[in-house]
Structure formats: structure tokens, C-alpha cells
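Here is the structure we will look at.
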Amino acid sequence: MTYEKETRRRRSFAIISHPDAGKTTLTEKLLLFSGAIQIAGAVKGRKASRHATSDWMEIEKQRGISVASSVMQMVYRDHVINLLDTPGHKDFSEDTYRVLTAVDSALMVIDAANGVEAQTRRLIEVCRQRDTPIITFVNKMDREVRDPLDILDEVERELGMPCVPMTWPVGQGKRFGGIINLRTQAMSVFEAGSEKRPQDFESIPLKDGHARLEQRFGSAFTEALDSMELATGASPEWNHADFLAARQTPVFFGSGVNNFGVMEVLDALVDLAPAPKARTSTVIVNRQPEQKTIEPADKAFSGVVFKVQANMDANHRDRIAFVRIASGKYSPGMKLKVQRSGKELRPTSVVTFLSQRREAVEEAYAGDIIGFTTHGGVQLGDTITDGANLQFTGLPFFAPEMFATVVLKNPLRTKQLQQGLMQLGEEGAIQVFKPDAGGNMLLGAVGQLQFEVVQHRLKTEYDAEVRLEPSQYTSARWISAASPDELKKFEAAYPLRMAHDAANALAYMCTSPYDVRLAQERFPKITFHPLREHA
Ligand code: G4P
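For reference, each letter of the sequence shown is one residue, going 69 to 603 in this note's numbering.
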């Protein structure tokens with residue numbers, strides 16, 4: 069009973085946006101209004117380092133800060149809300165995609181002047197693939213921005229699902245008068261300033277204030293009523309089940325920096341966003357894999373490692389494995405097993421992430437994120453259980469889009485290089501490919517910055533100085549076939565193009581966009597995967 073009650077009051081969501089849309093600001097306000105932090109400005113720390121991508125100290129700082137602030141927990145209206153940040157820099161986007169596997173919904177922040185931007189678009193794709201419900205917040209209404217109807221239209225097109233406005237803006241920029249709450253049919257009046265508390269905003273019911281509102285806000289008010297009518301006429305009725313199935317998105321307008329329209333979003337997270345869902349896992353019965361549904365309120369503890377982060381201190385090799393709990397309850401001292409290796413997990417500490425602080429876990433349930441400090445033995449995608457025999461899949465690895473060959477400067481450091489590459493590969497900092505034909509290791513990345521970070525970390529953390537040389541490869545595809553013979557034939561046809569990644573999965577290395585098409589024509593029974601799911 070407790071398990072059910074506890075999981076029902078959990079909400080875990082990721083906040084996604086293009087850099088500068090106002091994600092940090094909104095995060096901070098959500099924490100502030102739920103009471104998780106006392107003063108504004110606490111989340112701002114990481115902002116300073118956001119653009120300094122070429123400065124090593126800054127990258128290090130950014131990594132450290134992101135450990136502290138990438139998961140934040142708050143309690144609001146008796147609900148435990150886990151907020152997962154998604155790194156803003158496009159070169160870390162792989163990490164971001166994996167974060168999306170650990171949440172039950174997403175909050176998309178859009179700059180009302182810019183609409184849906186590139187970085188958001190890629191994140192939306194991943195949400196779409198997983199049918200993640202999305203709540204939309206259109207930010208910066210206090211600026212001169214686009215027509216709200218225009219924004220809705222764009223969101224609908226980009227998301228491929230209808231928008232259902234929950235609030236509607238009256239004017240914008242200098243004439244921003246406030247928002248109309250469609251459900252309560254009351255207008256909340258905008259006032260600039262970051263000291264305002266949600267309850268400080270004046271609220272006027274539409275039914276007794278029409279004339280008054282028209283007088284006060286002039287044509288902005290009448291125009292808002294007209295466009296609101298158009299918008300609601302064109303959008304479907306609000307349907308909670310459709311939202312949960314990612315078939316419609318509720319849309320809120322506001323101004324994060326002015327604390328305005330934020331409370332509506334916090335309430336939506338409690339009222340609309342889903343509690344943890346059941347997950348499918350593979351269990352081995354009589355040596356045969358079988359699918360089994362794991363309910364969040366199941367007694368047995370299980371969870372998935374969706375992120376591994378090296379600690380800031382280069383003298384300590386310990387790492388934090390972030391685990392999203394899928395079922396059961398974690399309590400201190402519990403014995404845990406890494407399913408892949410069958411080994412017992414002996415964490416030196418286990419923490420939760422209360423706003424910006426890390427605290428020892430007292431208890432955690434499905435939906436919560438806990439961090440284990442370990443010295444290795446834990447990989448991205450690992451299933452952790454209290455002994456139960458089950459294995460989750462679904463943690464995505466994306467085919468890299470750029471490659472480099474690793475050349476070790478001092479050949480005596482081979483062991484250190486191998487250890488470093490293995491650990492950085494496990495962490496997901498980079499993908500490592502070992503060519504079947506021998507020769508230097510290959511690094512595969514989604515963004516250029518990943519190479520620089522890995523080169524730097526190999527030197528400082530593993531004392532292995534490397535040179536990264538350009539590689540002829542431009543892409544890779546994981547390959548599979550129904551019959552092992554077919555696979556063998558393929559490998560024999562392209563011996564110089566075969567490589568194994570850190571998880572020992574077979575990949576075909578490409579030098580041009582036509583490679584896959586040609587190889588596919590020649591070998592129609594081979595499947596080429598642009599994405600590998602951890603199994
Ligand atoms: P990010 O995490 O998505 O990258 O964005 P962040 O919150 O850091 O916000 C980016 C900029 O947009 C900041 O300005 C922030 O103050 C501003 N901003 C956020 N919400 C609003 C809003 O509702 N209205 C307006 N007008 N601006 C908003 P900055 O100049 O980069 O930094 P700062 O000096 O203001 O902190």
C-alpha cells in the first residue's frame with residue numbers, strides 16, 4: 069500500500085529547451101515556488117560557464133556543477149517532483165537523450181520570439197520516439213515576440229500533435245497585460261519584477277470584469293479574446309488520456325524571469341504529468357528470455373543506470389552512477405546487484421539530489437533518482453536490482469557522426485590508455501571502436517567537444533597523452549542479421565570496415581553516406597541500426 073501511495077505521488081520530468089530560452093530561470097523559479105530553495109540566484113552559478121567551451125577549467129567546472137544540479141528534487145502539494153536537467157551544449161546531446169529515458173514527461177521551454185529552435189527539435193524527436201508526454205511553456209512574453217497563434221501553429225507542426233492552450237496571453241512586450249486561465253476563466257495581471265510571489269498577482273474573473281479589463285488593457289484584451297477563441301476553436305478539447313499518450317500538449321504562456329505563469333506550470337506537473345509507469349524488462353526463465361512487466365509499486369527493487377559521471381576530483385577515480393528507480397524502494401544498507409555481471413554493488417555512498425545539495429538517501433521509490441558512488445563495475449544502461457532476475461533495455465546509443473584515430477604519444481602508457489578508454493566509454497563520454505583488422509582505436513562522437521574533453525581527461529586522469537588524428541570514417545552502423553551465416557558473409561565482404569564497440573557490439577564503419585545504401589543493396593538480409601539500445 070505504501071509503495072503504491074509513494075509512487076503515485078512521484079513526478080519525474082526533464083526540462084528541455086534550446087540554450088537561452090530560459091530553462092535555468094524556469095528551473096530556479098520552480099524550485100523557489102515549491103520551497104526547495106529559499107533565494108533566487110542559486111541555480112545561476114552554472115550559467116557563467118555555459119559558453120566557455122574552449123576553456124578547460126570552465127569545462128571542468130561545468131562538469132562539476134552539472135553533477136550537482138542535473139537532478140533536483142522538490143516537494144510540492146505533497147508530491148515528490150524530480151526535475152532532470154538536460155545539458156544545453158549541443159555536443160553533449162547524447163547524454164541528454166539518455167536523460168530522457170529516465171523521465172515520465174518533459175517540460176519544453178520555448179522562447180516566444182524564436183519559436184521551436186534546432187536544439188529543441190532534436191530533443192522532441194527523442195520524446196516522440198518514446199511517446200513522452202510534453203508540457204509546453206512559452207516564455208518571455210514580456211518581450212516583443214511572435215503572435216501566439218503563430219507559435220501554437222509552429223509547435224503543432226514540430227511536435228506533430230495538437231496544442232491545447234491552458235493559459236492565453238493578453239498582449240506582449242510593453243503591452244503584456246497578463247494571462248487568461250482558460251479553466252478558471254480568470255485573468256492574472258502581469259507585473260514585472262523578480263520578487264513577486266505567485267499569490268501577489270492580481271486575479272480578475274472574466275465574468276465580472278469584461279468592461280473593466282477592456283478599459284484597463286484596451287485593444288490587447290479584446291484582441292486576446294478573439295485570438296483565444298480562434299485558438300480554442302482550432303484545437304481539440306483537453307483530453308488527459310491523449311496528453312499521456314503524447315497525442316496533445318498543454319500550452320502555458322508566461323515570463324520566467326518575472327515569476328509569471330510559473331505557478332501554473334508547477335500545478336500542471338502535479339495535476340497533469342504522469343506518475344511513474346510500468347516498464348518492460350527481460351527475465352530469463354529456463355535459460356530463455358521472456359518479457360515481463362515491472363510495476364512501479366512492485367516490492368522488488370530495480371532501476372537503470374542512465375548516466376555515469378566521473379567525479380570532479382582527479383585524484384579519486386570514483387564515479388557517480390545515476391539510477392532511475394523503476395520499482396520497489398531503496399533504503400540504506402540494502403544489498404544490490406549489477407545484473408550484467410552478477411556482481412554485488414558496493415557503493416561508498418548513495419545520495420539523492422535535493423535541489424542543489426547531495427544528501428544521503430533515507431528512502432527512495434520508483435520515479436526517484438539516486439546516485440551511487442562507485443569505483444567501477446557499473447556501466448551505462450546497467451540494470452540494478454536487489455537480487456531479482458530482470459534486465460531493462462532501451463538506453464539509446466546513437467551512431468557517431470564524427471571519428472578520430474587515437475595515437476598514444478608514449479607507447480609505455482598503453483595500459484593506462486586502455487583503462488581510460490574503457491572507463492570513458494562506460495561513462496558514455498565517447499564511443500570507442502576497436503577495428504577487427506587491428507590498428508589504433510577509433511573514437512566516435514556526436515559533437516566535436518567530446519573529443520577535446522576525452523583527450524584532456526586521458527591526460528589528466530589517466531596520464532595517457534594522445535594525439536587525435538582525422539579518420540576516414542564519417543559514420544557507423546550497428547549490424548545484425550537473422551542468421552549468423554549472413555553476418556559472417558558480410559564480415560568477410562568488408563573485413564576492413566568491421567569494428568567492435570565498448571559493449572562488444574559489431575559495427576560497420578562508413579566513409580560516405582552512400583556506403584550503407586550500397587552495402588544494403590548487396591546484403592538485403594543485414595539490418596543496419598543507427599541506434600543501439602543497451603541490452
Ligand atoms: P537557458 O538556461 O535556457 O540557457 O536560459 P536562461 O534561463 O539562462 O535565460 C537566458 C536569458 O533569458 C537570461 O538573460 C534570462 O534572464 C533571460 N530570460 C529568461 N526568462 C525571461 C523572460 O521571461 N523574459 C525576459 N525578458 N528574459 C528572460 P541574460 O541576459 O543572458 O542573463 P541575465 O543577466 O538576465 O541573468
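For each residue, glycine too, the CB sits at the ideal point set by N, CA and C.
- Distance from the C-beta of residue 152 to the nearest heavy atom of ligand 1 is not below 8 Å.
- Taking the CA atoms as reference points, residue 530 sits about 15 Å from residue 498.
- A distance criterion of 8 Å places the beta-carbon of residue 175 beyond contact range of ligand 1, judged by its closest non-hydrogen atom.
- Under DSSP, residue 397 takes part in a beta bridge, and its partners are 433.
- Assignment of beta-bridge partners to residue 349 by DSSP yields 360 and 460.
- With contacts defined by Cβ atoms closer than 9 Å, residue 78 and residue 343 form a contacting pair.
- Relative to residue 407, the option among 453, 312 and 433 whose CA is nearest is 453.
- In chain order, 82, 152 and 154 place their CB closer than 6 Å to the CB of residue 167, counting only its own chain and leaving out the 5 sequence neighbours on each side.
- The three-state reading of DSSP puts residue 542 in coil, since its state is none of H, G, I, E or B.
- Contact annotation, residue 226 with residue 184: C-beta distance approximately 4 Å; criterion of less than 8 Å satisfied.
- Within the same chain, and ignoring the five residues on either side of residue 288 in sequence, the residues whose Cβ sits closer than 6 Å to its Cβ are 238, 239, 243 and 245.
- In this structure, residue 368 has its beta carbon at no less than 8 Å from each heavy atom of ligand 1.
- The Cβ-Cβ distance between residue 494 and residue 448 falls below 9 Å.
- Collapsing the DSSP output to three states places residue 278 in a helix.
- Sorting 92, 491 and 371 by C-alpha distance to the C-alpha of residue 525 places 491 at the top.
- Remark: the shortest separation between the CB of residue 99 and any heavy atom of ligand 1 does not fall under 8 Å.
- Where residue 82 is concerned, the enclosing beta strand (DSSP E) starts and stops at 78–85.
- Ranking 249, 150 and 198 by CA distance to the CA of residue 269 puts 249 first.
- For residue 237, the enclosing beta strand (DSSP E) covers residues 235–238.
- By the neighbour-count criterion, in which a residue is buried when 16 or more other Cβ atoms sit within 10 angstroms of its Cβ, residue 95 is buried.
- In this structure, ligand 1 has no non-hydrogen atom nearer than 8 Å to the beta-carbon of residue 186.
- Just measuring C-alpha positions, the residue of 555, 575, 187 and 389 sitting nearest residue 374 is 389.
- Going by beta carbons, residue 400 and residue 372 fall outside the 9 Å limit.
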